[in-house]
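**Student:** In the numbering used here, the protein residues as written are 953 to 1546. A virtual CB, placed ideally from N, CA and C, is assigned to each residue, including glycine. As the structure is a computational prediction, the values presented were derived from the model and not from experiment. Have a look at this one.
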Amino acid sequence: MSFRPDASMPAPPRKGDAAAAAPLTDGEWHRLHPLTPLLKGGIFLVVILGYVLNNLRDQIVEVFIPGEGGPQEEGDPVRYVYEHGVVGWVLLGIVVLLLVLIGLFYLSWRMHEFRVTGEIVEVRSGVVFRTHRKARLDRIQGINISRPLIPRLFGTAKLEVAQAGNDANVQLAYLGAKAADDLRQRILVLASGAKDTDRPRYAGASGGLLQDRVDEFLAPELDPDAVHATRVVRVHPGRLIGSMLLSGTTVVILLLVVAIIVSISLTGQYFLLVSLFPAVIGAGGYYVRKFSKSLRYTIADTRDGIRIGFGLFSTSNETLPPGRIHAVSVAQPLLWRPFGWWDIRINRATNAGNGASTNQQVSSIVLPVGTAAEVRQVLEIILPELVGSAVVGPEASMERMREGSAEAVGVVDDSLTTSGDRGGFVHSPRRGRWLRPLSASRNGYRFVPGAVLLRLGAVWRSLVVVPLPRVQSVKVTQGPLERALRLASVHVHTVSGPVSARVGALDAGDAQRLWSGTTERAVEAAATDTSHRWRDGQEARPTAGTSGRHAQAPTSASGPWPGQWTGVAPAAPAWLTQDGPPVWTGVPAPEAVR
């Protein structure tokens, strides 16, 4: 597919569920749902109306039941208007204000337009100050659909296209719920590079406005058939409650309560109890919000990436296309260890969650809490797209990539609780205990096909997986104390996020081998990475000896460039085929002057 600035897409199908989104992806400008002004700003009108009715309460009661209006308050604005005979003018002012607001809302809705072409999602808005945003389809980091409670009651949803960078996301707020779901599917099809559109799903008959809203509230957060999910992992509500009670927030609250009780017992002063109430109220609100937003948490494997959904009253679900995860962390807090619970977090090249974006939870947490078996299931969902192509080649199917990533999944699963050199890890030497007194035996690294693993922590265990195609740079540092102990630290740079891929207190020679090995493997993996168009050509893969777009690609004077299709399968990297441990060349000695 060529990349012309305003290339239009082929005519989409207009049948089945795709009919809701088909007119929205024809490359023409379209407007949002007619209720958008009400949902974005008109709620304030409801608040004002509620305030007025509250002040009119006594007068309304007295009209229907004389003498039951109750005592009148001094300074009541409604009674003041009535007693001074300016009711007509006030009502006229209210009508004029409402007309002006409705006109402004209508003008704002008319000036807020979007269009979807074969290459971009484009939004322009504003009356006085115009805003124009574009999101390239091949640079999409994720597509999130959120349904806050009030918009959900009206059958609408907010679609957000996540892009790399600060405040770079493109929002479509609001669309019809059906149109938002189908538009996401259409955008993912375009971004994937698929030659044919998906076959429309079966569209059930509408039971009326009220029945449709009830069905939406009672429907499961994830329908595997509707999103083509091959496997789904769900978070148990009881385990979710237990993980919140065994969190650091709970420990801080308990320590605060103990400190107040001790202070009261020593001083006999009870005024400190006043400071406890705001903390209890704040903590209770925090737990309620986190629990309600984490209910019905699901992680699903779809052909267009990973879908993460959660929420009870206000729901949110996001699809992460392949190749958009830059680092993975599997961690276990100390209080979770007796129960064998873990969480999984990721780094992404987007700041979803900031500003008007949705909750940060959907951006970084893949598994809020789960057992080791559930961790393995989630890794089997997210790792194939990260390391699979580096093992079996970019032309392999997703099923073949899953088979190729089985070794990496097994290594991660077996390395969660290991220490020393078990699992093939290179760990800190004995002298590293001066800097890592508890975790020196766990502190280490190893390579797996397509990724580098960092095993960290003894009290708070964690295992960091960095896909080699996503490595941005590698840094080796050595402070004065490390230099005296002949140690060094290595930082594998990815995009910023909650996952830090840094390992310290390594032997200086091992640190340099980690640096050179990661650099070499990252270059080879990046040459075969095709995740930006994850379904491009999967319908008809070229084979050796056949002609096609890849087979006829031009070559440079010195030969094909890395990753170019030449009619024969590319040779596997040497570090995947050699017997025994890998051999590095050109690595300077630890004591060499640099």
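1. Who does residue 1298 pair with in a DSSP beta bridge?
2. DSSP three-state label for residue 1046, please.
3. Applying the criterion that 16 or more other CB atoms from any shown protein chain within 10 Å of the CB defines a buried residue, is residue 1273 buried or exposed?
4. Taking just the CA atoms, how far does residue 1210 sit from residue 1262?
5. Specify whether the stretch 1243-1251 and the stretch 1403-1419 touch according to this definition: at least 3 beta carbon pairs, one from each stretch, less than 8 Å apart.
6. Less than 7 Å between C-beta atoms, sequence neighbours within five positions excluded: which residues of the same chain meet that for residue 1424?
7. DSSP three-state label for residue 1335, please.
8. Report the residue ranges of all beta strand (DSSP E) runs contained in full by the stretch 1044-1094; include only those spanning at least 3 residues, in chain order.
9. Less than 9 Å between the beta carbons of residue 1282 and residue 1293, yes or no?
10. Can you say whether residue 1464 is buried or exposed, counting buried as having 16 or more other CB atoms within 10 angstroms of its CB?
11. Anyone know if the C-beta pair for residue 1398 and residue 1363 falls short of 9 Å?
12. Which value, in whole angstroms, describes the spacing of the CA atoms of residue 1189 and residue 1240?
13. Got a sec? Which residues, its chain only, sit under 7 Å from residue 1381 by beta carbon, not counting five neighbours each side?
14. How about residue 977 and residue 1108: do their beta carbons lie closer than 9 Å?
15. Just to confirm before moving on: does the CB-CB distance between residue 1457 and residue 1372 stay below 9 Å?
16. I need the boundaries of the alpha helix (DSSP H) containing residue 1385, first residue and last residue.
17. In three-state DSSP terms, what is residue 980?
18. Could you check which residue in 1436, 1448, 1454, 1433 has the C-alpha nearest to that of residue 1442?
19. Are residue 1393 and residue 1285 touching if we call contact CB-CB under 9 Å?
20. Pick out the complete beta strand (DSSP E) segments inside the stretch 1176-1204, 3 residues or longer, and give them in chain order.
21. Could you tell me which of 1095, 1222, 1204 sits nearest to residue 1257, measuring between CA atoms?
22. Below 9 Å between beta carbons: does that hold for residue 1409 and residue 1421?
23. Please tell me whether residue 1322 and residue 1407 are closer than 9 Å, where the distance is taken between their beta carbons.
24. Put residue 1123 into one of helix, strand or coil per three-state DSSP.
25. Considering only C-alpha positions, which residue in the set 982, 1259, 1160, 1123 is nearest to residue 1180?
26. Which value, in whole angstroms, describes the spacing of the CA atoms of residue 1517 and residue 1479?
27. Per the DSSP calculation, residue 1100 is bridged to which residue(s)?
28. So residue 982 and residue 1066 are in contact, right, with Cβ under 8 Å, and what is the actual spacing, rounded?
29. For a quick check, are the C-beta atoms of residue 1182 and residue 1235 less than 9 Å apart?
30. Quick one: measure Cβ to Cβ for residue 1276 and residue 1252, integer angstroms, because I've assumed they're closer than 8 Å.
31. Which runs of the beta strand (DSSP E) spanning at least 3 residues fall entirely within the stretch 1374-1448, listed in chain order?
32. Give the single residue among 1468, 1451, 1091, 1063 whose Cα lies nearest to the Cα of residue 1081.
33. Grouping DSSP H, G and I as helix and E and B as strand, with all else coil, what is residue 1507?
34. Grouping DSSP H, G and I as helix and E and B as strand, with all else coil, what is residue 1267?
35. Where residue 1368 and residue 1280 are concerned, what is the direct C-alpha to C-alpha distance, given to the nearest angstrom?
36. Within its chain, find whatever has a CB closer than 6 Å to the CB of residue 1328; leave out the 5 residues flanking it on each side and keep chain order.
**Tutor:** Reading from the atomic positions:
1. Locating residue 1298 in the sequence shown gives position 346, where the first residue counts as 1. Bridge pairing for residue 1298: 1280 [DSSP].
2. Position 94 of the sequence shown, counted from the start, is the residue given in the question as residue 1046. Three-state result, residue 1046: helix.
3. Taking the sequence shown and counting its residues from 1, one reaches residue 1273 at position 321. With 16 or more other Cβ atoms within 10 Å, it is buried.
4. Here residue 1262 refers to the residue found at position 310 when the sequence shown is read from its first residue. Here residue 1210 refers to the residue found at position 258 when the sequence shown is read from its first residue. If you draw a straight line from the Cα of residue 1262 to the Cα of residue 1210, it is about 35 Å long.
5. No, because fewer than three Cβ pairs between the stretch 1243-1251 and the stretch 1403-1419 fall closer than 8 Å, the two stretches do not touch.
6. Counted from its first residue, the sequence shown places residue 1424 at position 472. Correct list, in chain order: 1445, 1446.
7. Working through the sequence shown from its first residue, we reach residue 1335 at position 383. Taken through DSSP and simplified to helix, strand or coil, residue 1335 comes out as coil.
8. As far as the stretch 1044-1094 is concerned, its whole beta strand (DSSP E) runs of at least 3 residues are 1065-1068, 1072-1077, 1083-1088.
9. Counted from its first residue, the sequence shown places residue 1282 at position 330. Counted from its first residue, the sequence shown places residue 1293 at position 341. No, these two residues do not count as a Cβ contact at 9 Å.
10. Numbered from 1 along the sequence shown, position 512 holds the residue referred to as residue 1464. It is buried - the Cβ of residue 1464 has at least 16 other Cβ atoms within 10 Å.
11. Within the sequence shown, the letter at position 446 stands for residue 1398. Within the sequence shown, the letter at position 411 stands for residue 1363. Cβ atoms of residue 1398 and residue 1363: closer than 9 Å.
12. By 1-based counting over the sequence shown, the position of residue 1189 is 237. By 1-based counting over the sequence shown, the position of residue 1240 is 288. For residue 1189 and residue 1240, the distance between alpha carbons rounds to 13 Å.
13. By one-based count along the sequence shown, residue 1381 stands at place 429. Excluding sequence neighbours, residue 1381 sits near 1459.
14. As a working mapping, residue 977 is identified with position 25 in the sequence shown. As a working mapping, residue 1108 is identified with position 156 in the sequence shown. Contact: no.
15. Position 505 of the sequence shown, counted from the start, is the residue given in the question as residue 1457. Position 420 of the sequence shown, counted from the start, is the residue given in the question as residue 1372. Result no, Cβ atoms of residue 1457 and residue 1372 do not sit closer than 9 Å.
16. Along the sequence shown, read from residue 1 onward, the residue named residue 1385 stands at position 433. Looking at the DSSP string, residue 1385 is not in any alpha helix (DSSP H), and its letter there is neither H nor E.
17. For this step, residue 980 is matched to residue 28 along the sequence shown. Looking at residue 980 - three-state DSSP - the assignment turns out to be coil, as it is neither helix nor strand.
18. For the purposes of this step, residue 1442 is taken as the residue at position 490 of the sequence shown. Answer by Cα proximity: 1454.
19. The count along the sequence shown starts at 1 and reaches residue 1393 at position 441. The count along the sequence shown starts at 1 and reaches residue 1285 at position 333. With respect to the 9 Å criterion, residue 1393 and residue 1285 are not classified as neighbours on the basis of their beta carbons.
20. The qualifying runs are 1183-1186.
21. Along the sequence shown, one-based indexing puts residue 1257 at 305. From the listed residues 1095, 1222, 1204, the smallest Cα separation to residue 1257 is found for 1095.
22. Position 457 of the sequence shown, counting from 1, holds the residue named residue 1409. Position 469 of the sequence shown, counting from 1, holds the residue named residue 1421. No, the pair does not count as a contact, with Cβ atoms beyond the cut-off.
23. The residue given as residue 1322 occupies position 370 in the sequence shown. The residue given as residue 1407 occupies position 455 in the sequence shown. No, these two residues do not count as a Cβ contact at 9 Å.
24. For the purposes of this step, residue 1123 is taken as residue 171 along the sequence shown, with counting starting at 1. Three-state result, residue 1123: strand.
25. In the sequence shown, the residue the question calls residue 1180 occupies position 228. Closest by alpha carbon: 1259.
26. Stepping through the sequence shown from its first residue, residue 1517 is reached at position 565. Stepping through the sequence shown from its first residue, residue 1479 is reached at position 527. Caution is warranted here: a pLDDT of 31 is assigned to residue 1517, below 50, making its placement in the model unreliable, and the coordinate value is therefore given only provisionally. Those two C-alpha atoms are separated by around 11 Å.
27. In the sequence shown, the residue the question calls residue 1100 occupies position 148. According to DSSP, which records beta bridges pairwise, residue 1100 is partnered with nothing at all.
28. Taking the first residue of the sequence shown as 1, we reach residue 982 at position 30. Taking the first residue of the sequence shown as 1, we reach residue 1066 at position 114. The pair is a contact, with the Cβ atoms about 6 Å apart (cut-off 8 Å).
29. Along the sequence shown, read from residue 1 onward, the residue named residue 1182 stands at position 230. Along the sequence shown, read from residue 1 onward, the residue named residue 1235 stands at position 283. In this structure, residue 1235 does not lie closer than 9 Å to residue 1182 by Cβ.
30. The residue given as residue 1276 occupies position 324 in the sequence shown. The residue given as residue 1252 occupies position 300 in the sequence shown. A Cβ-Cβ distance of about 16 Å is found for the pair residue 1276 and residue 1252, leaving them out of contact under the 8 Å criterion.
31. Counting only runs of 3 or more, we get 1396-1400, 1403-1408, 1413-1419, 1425-1429, 1439-1445.
32. Position 129 of the sequence shown, counted from the first residue, corresponds to residue 1081. When 1468, 1451, 1091, 1063 are compared, the shortest CA-CA separation from residue 1081 is found for 1063.
33. The residue given as residue 1507 occupies position 555 in the sequence shown. Unreliable positioning characterises residue 1507 in this predicted model, as indicated by a pLDDT of 34, which lies under 50. The coordinate reading is nonetheless provided below. DSSP places residue 1507 outside both helix and strand once states are collapsed to three, so it counts as coil.
34. The count along the sequence shown starts at 1 and reaches residue 1267 at position 315. Residue 1267: strand per DSSP, three-state reduction.
35. What you label residue 1368 is simply residue 416 of the sequence shown in a count that begins at 1. What you label residue 1280 is simply residue 328 of the sequence shown in a count that begins at 1. The straight-line gap from Cα to Cα measures roughly 13 Å.
36. On the sequence shown, residue 1328 is found 376 positions in, with the first residue counted as 1. Result list for residue 1328: 1365, in chain order.
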